[in-house]
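Protein chains in written order, with the numbering used here: chain A, 15 to 270; chain B, 15 to 270; chain C, 15 to 270.
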Amino acid sequence: MAIITLTTDFGLKDHYVSAIKGAILTWFPSAVIIDISHQIEKYNLLDASFILKESYPNFPKGTIHLIGINTEFSTSGGYVMVKQNDHFFIGADNGIFSLLFEEMPQKIREITLAENEKLSFPARDIFAKTACDLAKGGDFNSIGKPKESLLQRIPFRATSMGDNIRGSFVYIDSYDNVTSNIDKRLFEQVGKGRAFIIELARHTIERISKEYSEVPEGEVLAIFNSSDYLEIAMRNGKAGSLLNLKINDSITIRFQ
Amino acid sequence: MAIITLTTDFGLKDHYVSAIKGAILTWFPSAVIIDISHQIEKYNLLDASFILKESYPNFPKGTIHLIGINTEFSTSGGYVMVKQNDHFFIGADNGIFSLLFEEMPQKIREITLAENEKLSFPARDIFAKTACDLAKGGDFNSIGKPKESLLQRIPFRATSMGDNIRGSFVYIDSYDNVTSNIDKRLFEQVGKGRAFIIELARHTIERISKEYSEVPEGEVLAIFNSSDYLEIAMRNGKAGSLLNLKINDSITIRFQ
Amino acid sequence: MAIITLTTDFGLKDHYVSAIKGAILTWFPSAVIIDISHQIEKYNLLDASFILKESYPNFPKGTIHLIGINTEFSTSGGYVMVKQNDHFFIGADNGIFSLLFEEMPQKIREITLAENEKLSFPARDIFAKTACDLAKGGDFNSIGKPKESLLQRIPFRATSMGDNIRGSFVYIDSYDNVTSNIDKRLFEQVGKGRAFIIELARHTIERISKEYSEVPEGEVLAIFNSSDYLEIAMRNGKAGSLLNLKINDSITIRFQ
C-alpha cells in the first residue's frame, strides 16, 4: 500500500483536485489518496506549511505528500522531492520546505523535466507522476538528480530574551482559535515553573488550561494544542474575532 | 474490510480531519474512511444528529461511525461506544445518541482512559484509536467497560392531538429545502387518507407531491423525503428563505 | 478494481453524498469512490459539464462517472447509461451529455425502472445501483434497454468567420481565471501563425503566454490551459473580477 496525500490551494469546486486523483489512479491503481486540505488560502505558503506540519506526522512513515501551491516553474528553484522524518514531500522549491521543517532537509532530489515538458499543470503532470514513480517502489535516490539546498524563507520563530518569550500568531482555525509559534518546550525551558503573564494586544492571561472546559463559556483561555503550540481560544466562542488577533500579531509571555 | 465514517464540525480547511485519517491509516492501514460531513454547524448536536441519522443506514452493517462534535471530556458523561441497529458509534456522551436514535441504545461501552490521557484531541487520540481496535477485530464487549445509560437530550418529536399533527423543522439543506420531524407513518396513522391542510407561518399546502417536478418552477410543495420525513421544498427555488422557515419553527397538519 | 466518480450539486454539508457512498459500499464493497465535485452551481448543467469534461479523461478507462444534477425523472428523457471514449456515464437524460461531448454518444442504454420505483433520490437508488451492477462485471449491453438518442442542449461553440474567431466564456475557476470555449486547434487552424488581438469587453491582449509567470504580478494574460482551452488569467490576481468577465460573455480573436 502507498498513501499519497494532497495539500493544495485548488479549492474543492474546480476539476483540479479530481484530475490529480484520476491521474494517480491511472498510474498507480492501488494508491490510497487522502486530502489534507484544498482550502489553503490562495498563494499562502505559511498557511499551507502550518496545516501540513500539523497533519503529516499522523500518517504512516513512507507516506508521500504532494504540495500543490505556488507551483510556477520559473518563480521557484525548480521541482523537488524531499525525504524528511521518514516522509516524502513533492512540490516546488518555493520556500515551503523552510517553513515546514525546523531543520532544513538534507535528502533532496531535483525532479528532472523532459524537454518541452508542459508546465500548465505541474501538480498533476510532474508531482503526481513522481509520487507514483516512488509509490511503485522507485528508489528515492534514483529519481531525478541530487540537489544541494532549498530556497529559504525565514519563518518567524518564537524567541526568548531574559525572562520573556516573544512569539507571533501563525494560524487561525475554523473555530477562531489562534495558534502561536510558542511551543511547550520553550515555555518550560524559559519559565522553569514560574508564574507568568501572557500579553496580547488587548488582553492578558495568567494561566494555561489543560482543557477548553476549564473556563466558563465565552471566556478566553490559553492552552497547548495537540501539537504543543500555545493557542488562544474561547470556549464555545470566537477568540480571534473578539480579541482582534491577526496572523503575525505578537504575543509575549513574561515570567516573574 | 472495515469502514470508518467521520461526522464532525471540524470543517475542511484545518488539519484536524486529515490528522484523524492519518492516525487511522497508521493504526489500521486497510481502513476504508468515508466522510459523512465535516461542515456540521459548530457545536450543534441537532445538526450533527440529523445528518448522521439520514446517512448511516446506507452503510453496510458493522460500519463504525466516529462522531467528532462537543468532545470535551468534562462536559460530557465520558466517551462511549454504542452498538445500535448493527452499526457502531463512537463519541462523547453529550446527548447526541438521544437525538440520533428513536430508542435509547442498550449496548453501551464506556471507553476507559489511560492515566494522564491527553485530552486535547480526543476524536483522534481516543475515538479513532477505539475505532481501529474494533476494526481490527476487537470484540465490542471487551473494549472499555459496560455503561448503563446515556445522557438524554429531549428531541422535539412530532405529536398528534385529535385530528392534528404538530411538528417542527429540524434541518435546512443546501437547496434550502426544509425538513420536519413529521414522518409518513404518523401522517398515515392520523390522517387515514383524509384531506388535510399543512399550515406554515405564512403559507398553507393542501397536498403532498410525489416528485419535485409535479408543481411549476418556483412553487412551494410538500413531499416525503427519501427517509420519509415531510419536507417543504420549492422546485428550483429556495423554500426556506422565501417562506422564512427556521429550525424549530412549527408545522401543523389539520385533517378534515 | 472499479472506480466510481461522483459529480453533483449536492454540496458537502448535507447527507446526500455520504448516503450514496454508503449505498455503493453496501452493494459493491471494493469500489474506489472519488469525488469530482459536489459544489456544482445548483441546477447548472453547463457548470457540471465543464468540470466533468476537464476531469474525467484523467481517470483510467472503464471508470464509471455518476452525474447527480437535475435528476427529476419527469423533466428528463429518463435515466441513462452512456459509454463514450471508453468511460461510462450514468445520469438523467437532461441535456448534460450534449454539453459534455463534442460528438453525441452512440452507445446509450436506458435504465429500466421497477414498477413503483421510488423517485425521491435517484442518484442513490438508481444511478449508484446501476453503477454497482456495472462495476460487478455486468455487461453494458445487458443493462436496461437500448436507447436511440439523447436530449440535445446546444452548447455555444467557438466559431471562425474569415480572419476572426468568436467564442464565449464557459467557466470561472476559484482563482478567478476565466476559461473560454476557444481551443488551441481552432486557434492554430484559423491563425496560421499570424499576429492577433484578443478582444474582451474592456481589454485587449496581443500574445498568448506559456506560463503564468511570464507577465508581472497583477497583469492580465491569455494562456492555453491544461486542456488547451484559451483562458484569461492574472498572475496572483483575479482576472474575472477585475475585467468584469461573466459566463457567456464573448471573446473575439482578430488575426491580421
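Yeah, the Cβ is synthetic: ideal placement off N, Cα and C, and Gly gets one too.
| Item | Value |
| --- | --- |
| Would you mind telling me which residues of chain B sit closer than 7 Å to A/Asp49, beta carbon to beta carbon, in chain order? | Ser32 |
| What do you get for A/Arg208, buried or exposed, if any count of 16 or more other CB atoms within 10 angstroms of its CB means buried? | exposed |
| Return the residue from the list A/Gly82, A/Leu235 and A/Thr193 that minimises the CA-CA distance to A/Asn58. | A/Gly82 |
| Does the beta-carbon distance from A/Val192 to A/Ala253 come in below 8 Å? | yes |
| Answer yes or no: do A/Gly91 and A/Gln166 have a C-beta to C-beta separation smaller than 8 Å? | no |
| How would you list, in chain order, the residues of chain C whose beta-carbon sits under 9 Å from the beta-carbon of A/Leu39? | Met15, Ile17, Val46, Ile48, Asn72, Phe73, Pro74 and Thr77 |
| Going by other Cβ atoms of all chains shown within 10 Å of its Cβ, with 16 needed for buried, is B/Ile168 buried or exposed? | exposed |
| Between A/Ser223 and chain B, is any beta-carbon pair separated by less than 8 Å? | no |
| Compare the Cα-Cα distances from C/Asn250 to each of C/Ser241, C/Leu244 and C/Ser188 and report the closest residue. | C/Ser188 |
| Provide the residue span of the alpha helix (DSSP H) that contains A/Leu39, from first to last. | Tyr30 to Trp41 |
| May I ask which residues mark the beginning and end of the beta strand (DSSP E) holding B/Lys198? | Note, B/Lys198: premise wrong, no beta strand (DSSP E); alpha helix (DSSP H) at Lys198 to Gly205. |
| Measure the alpha-carbon distance for B/Asp242 versus B/Arg199 and round it to whole angstroms. | 8 Å |
| Could you tell me the alpha carbon to alpha carbon distance between B/Val184 and A/Thr173, rounded to whole angstroms? | 50 Å |
| Under 8 Å between C-beta atoms, does B/Lys150 make it to chain A? | no |
| Rounding to the nearest angstrom, what Cα-Cα distance links A/Arg123 and C/Gly205 in this structure? | 41 Å |
| Spell out the partners DSSP gives C/Ile237 in its beta bridges. | C/Ser223 and C/Glu245 |
| Among the candidates B/Leu80, B/Gly76 and B/Glu213, whose CA atom is the shortest distance from the CA of B/Ser63? | B/Leu80 |
| Which residues, in order along the segment 86-97 of chain B, keep a beta-carbon less than 8 Å from a beta-carbon of chain A? | Glu86, Phe87, Ser88 and Thr89 |
| Between A/Met15 and A/Val46, which are expected to be in contact by the criterion C-beta below 8 Å, what is the C-beta distance as a whole number of angstroms? | 6 Å |
| Quick check: the segment 117-135 of chain B against the segment 153-162 of chain B, are there 3 or more CB pairs under 8 Å? | yes |
| Is C/Ile196 near C/Ile267, with beta carbons less than 8 Å apart? | yes |
| In three-state terms, what does DSSP make of B/Leu80? | strand |
| Measure the CB-CB distance between A/Ile50 and A/Ser69 and report whether it falls below 8 Å. | yes |
| How long is the line joining the alpha carbons of A/Phe269 and A/Phe170, rounded to whole angstroms? | 21 Å |
| Under three-state DSSP, which class holds B/Pro71? | helix |
| Where does the unbroken alpha helix (DSSP H) through A/Gly254 begin, and where does it stop? | Ala253 to Leu257 |
| For a contact defined as C-beta to C-beta under 7 Å, what are the partners of B/Asp187 on chain C? | Asp28 |
| Are the C-beta atoms of A/Phe64 and some chain C residue less than 8 Å apart? | no |
| Can you tell me where the alpha helix (DSSP H) with B/Leu110 in it begins and where it stops? | One detail in the question is off: residue 110 of chain B reads as Ile in this sequence, not Leu. It spans Ile110 to Leu114 - the alpha helix (DSSP H) in which B/Ile110 sits, taken as one unbroken run. |
| If you draw a straight line from the C-alpha of A/Gly105 to the C-alpha of A/Thr85, how long is it? | 7 Å |
| Quick one: is B/Thr126 buried, meaning 16 or more other Cβ sit within 10 Å of its Cβ, or exposed? | exposed |
| So the candidates are C/Trp41, C/Arg180, C/Asp263 and C/Gly25; which of them puts its Cα closest to the Cα of C/Ala215? | C/Asp263 |
| Could you tell me which residues DSSP puts in a beta bridge with C/Thr193? | C/Tyr185 and C/Glu245 |
| Identify every residue that forms a DSSP beta bridge with C/Arg123. | C/Met95 and C/Pro160 |
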